[in-house]
Structures are given as structure tokens and as C-alpha cells.
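For reference, the structure is listed below as C-alpha cells.
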Amino acid sequence: MNDTTAQLKEIDPRLLEILVCPATRDRLVYNREAKELLSRKARLAYPVRDGIPIMLVSEARALGDDEVNALPRA
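Residue numbers (numbering that gives the first Met the number 0): 0 to 73.
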């Protein structure tokens with residue numbers, strides 16, 4: 000994968016500023032390594048596939064206690 004392809008698969012930072020958790024309407028934290036958007040309040044991780052956030056509760060995975068506790072507080 001070249002640099003241009005890698006950049007296309009990243010989330011646009013402007014999008015991160017406006018996205019909220021569909022379940023709680025709270026802000027999300029982007030985990031670049033895991034390619035997930037994390038919601039502390041909903042305890043959910045929304046996947047990012049090919050740079051596109053999948054903002055469906057049915058597609059999210061539940062976060063464990065350790066993962067939630069590691070998230071920054073709002």
C-alpha cells in the first residue's frame with residue numbers, strides 16, 4: 000500500500016469533529032490502531048472500514064471495563 004492509498008483510508012479529521020455516538024449523541028474517541036471510534040458512555044466501538052465510519056449500533060462491538068477505563072474523560 001502506498002502513501003496515497005493509506006491516506007485515503009484515514010478518517011478526515013473534520014469528520015471526527017462532527018461525528019457523535021448514534022446511541023448517546025456523545026463525542027467519540029478515534030483509536031487509529033484498532034480503526035475504531037469509541038464511545039465511553041455507550042461502551043461501544045464503531046468500526047472504521049476503508050476510512051468510512053460504520054455508525055450502526057448493530058455493527059459496534061461492546062467495550063470491556065479495561066477499555067472504557069482507558070478512555071479519556073470528557
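Where is the CB? At the ideal position from N, CA and C, for every residue including glycine.
On the CB-based measure, 16 or more other CB atoms within 10 Å of its CB, does L14 come out buried or exposed?
Walking along the sequence shown from the start, residue 14 turns up at place 15. With a 10 Å radius around the Cβ and a threshold of 16 neighbouring Cβ atoms, L14 comes out exposed.
Alpha helix (DSSP H) segment containing A69, residue limits
Mapped onto the sequence shown, residue 69 falls at position 70. Run containing A69: D64 to A69, per the alpha helix (DSSP H) assignment.
Buried versus exposed, by CB contacts within 10 Å (16 or more), S77
An answer regarding residue 77 cannot be provided, because it is not within the stretch 0 to 73 covered by the chain.
Thinking C-beta only, is E35 closer than 8 angstroms to Y45?
In the sequence shown, residue 45 corresponds to position 46, counting from 1. In the sequence shown, residue 35 corresponds to position 36, counting from 1. Contact flag set, yes.
Among residues of its own chain, excluding the 5 on either side of A41, which ones have a beta-carbon nearer than 6 angstroms to its beta-carbon?
Counted from its first residue, the sequence shown places residue 41 at position 42. C20, A22 and T23.
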